[in-house]
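**Student:** Supplied in structure tokens, the structure appears directly below.
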């Protein structure tokens, strides 16, 4: 039995969601509402003490960290369609890209996202409400990030993160100009994990991701969106996710 706890098909939660659909594995989706801080409630912290998604429950064994979950699925279900190459050199190339997205690419995109979306939500709470929410966050660094989002990130920080976004986009574009997929000829977890962060950038970061400046990156995003697994993931997730309440009024 597989149960995936996630925020839905976006950012780090998208990685194992898409991997599950690509591999054709049956699982139970449990969507967590970040606007209700459900991932910081006691029942979920009993599953993942860090209070973070995604988290995979496989017959009572809890696997956390999005890319680790994807690799775990490769090991636990070797007869399912592969998202990891067989050749050791190709595996290494794949892992260079999954390591890079975890350690660099996702963080600069995330900071801009927190400034644009989490900041207004955090500021909508009263001081007392906000402090109570932060008190429930088990990871100190996440507490700091919530406070930074509420206050507004310094402009110098935002400028540096946008520089990193542009660098990341340029690196993806240069690689995809040489190969259809990031790790070579085959579609792998390198593509799944980077797509989780890059998908939608042609809208949210249209000044840097567009058909004129990054035609290969946009084409790659469109190729993955056109895959039957991605289409099923987005369609089914939309129908299975409970309606989410709006952010608290200011």
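In my numbering, the protein residues as written are 93 to 342.
Backbone N, C-alpha and C fix where the C-beta goes; we use that ideal spot for every residue, glycine too.
Here the structure is a predicted model, which means the values were calculated and not measured.
Leaving aside the five residues before and after residue 106 along the sequence, list all residues of the same chain whose C-beta is less than 6 Å from its C-beta, in chain order.
**Tutor:** Position 14 of the chain shown, counted from the start, is the residue given in the question as residue 106. Excluding sequence neighbours, residue 106 sits near 288.
**Student:** Using a threshold of 7 Å, state whether the C-beta atoms of residue 145 and residue 124 are closer than that.
**Tutor:** Walking along the chain shown from the start, residue 145 turns up at place 53. Walking along the chain shown from the start, residue 124 turns up at place 32. Contact check for residue 145 against residue 124 passes: the beta carbons are separated by less than 7 Å.
**Student:** Given this structure, state the Cα-to-Cα distance separating residue 212 from residue 176, to the nearest angstrom.
**Tutor:** Position 120 of the chain shown holds residue 212. Position 84 of the chain shown holds residue 176. Here the alpha carbon of residue 212 sits roughly 39 Å from the alpha carbon of residue 176.
**Student:** With residue 95 as the anchor, note down where its beta strand (DSSP E) starts and where it stops.
**Tutor:** Sequence index remark: in the chain shown, residue 95 carries index 3 (1-based). Residue 95 -> beta strand (DSSP E) spans 94-98.
**Student:** Do you know whose CA, among 99, 199, 122, lies nearest residue 290's CA?
**Tutor:** Within the chain shown, residue 290 is the residue found at index 198, counting from 1. The shortest Cα separation from residue 290 among 99, 199, 122 belongs to 199.
**Student:** Could you check if residue 332 is buried or exposed, using at least 16 other CB atoms within 10 Å of its CB as the buried criterion?
**Tutor:** Reading the chain shown from its first residue, position 240 is the one you call residue 332. Flag for residue 332 reads exposed.
**Student:** Expressed to the nearest angstrom, what Euclidean distance is found between the alpha-carbon atoms of residue 245 and residue 205?
**Tutor:** As a working note, residue 245 is residue 153 in the chain shown. As a working note, residue 205 is residue 113 in the chain shown. Each residue's Cα considered, the two are about 11 Å apart.
**Student:** Closest to residue 279 by C-alpha separation, out of 147, 208, 185, 236, would be which residue?
**Tutor:** Mapped onto the chain shown, residue 279 falls at position 187. Here the closest residue by C-alpha is 185.
**Student:** To which residues of the same chain is residue 113 closer than 6 Å at the C-beta, ignoring the five residues directly before and after it?
**Tutor:** On the chain shown, position 21 is the one that residue 113 refers to. So the list reads 321, 324, 325, once near-sequence residues are dropped.
**Student:** Relative to the alpha-carbon of residue 150, which residue among 192, 276, 95 has its alpha-carbon at the smallest distance?
**Tutor:** Residue 150 sits at position 58 when you count from the first residue of the chain shown. Among 192, 276, 95, the Cα nearest to that of residue 150 is on 95.
**Student:** What span of residues does the beta strand (DSSP E) with residue 262 cover, start to end?
**Tutor:** Translated into the one-based positions of the chain shown, residue 262 becomes position 170. Not the beta strand (DSSP E): residue 262 falls in the alpha helix (DSSP H), residues 247-268.
**Student:** Given a threshold of 16 other Cβ atoms within 10 Å of its Cβ, counted over all protein chains shown, does residue 334 qualify as buried or as exposed?
**Tutor:** For the purposes of this step, residue 334 is identified with residue 242 of the chain shown, where counting begins at 1. Classification of residue 334: exposed, given that the 10 Å Cβ count is below 16.
**Student:** Below 8 Å CB to CB, which residues in the same chain sit around residue 126 once its five sequence neighbours on both sides are set aside?
**Tutor:** Against the chain shown, residue 126 aligns to sequence position 34. Cβ within range, chain order: 99.
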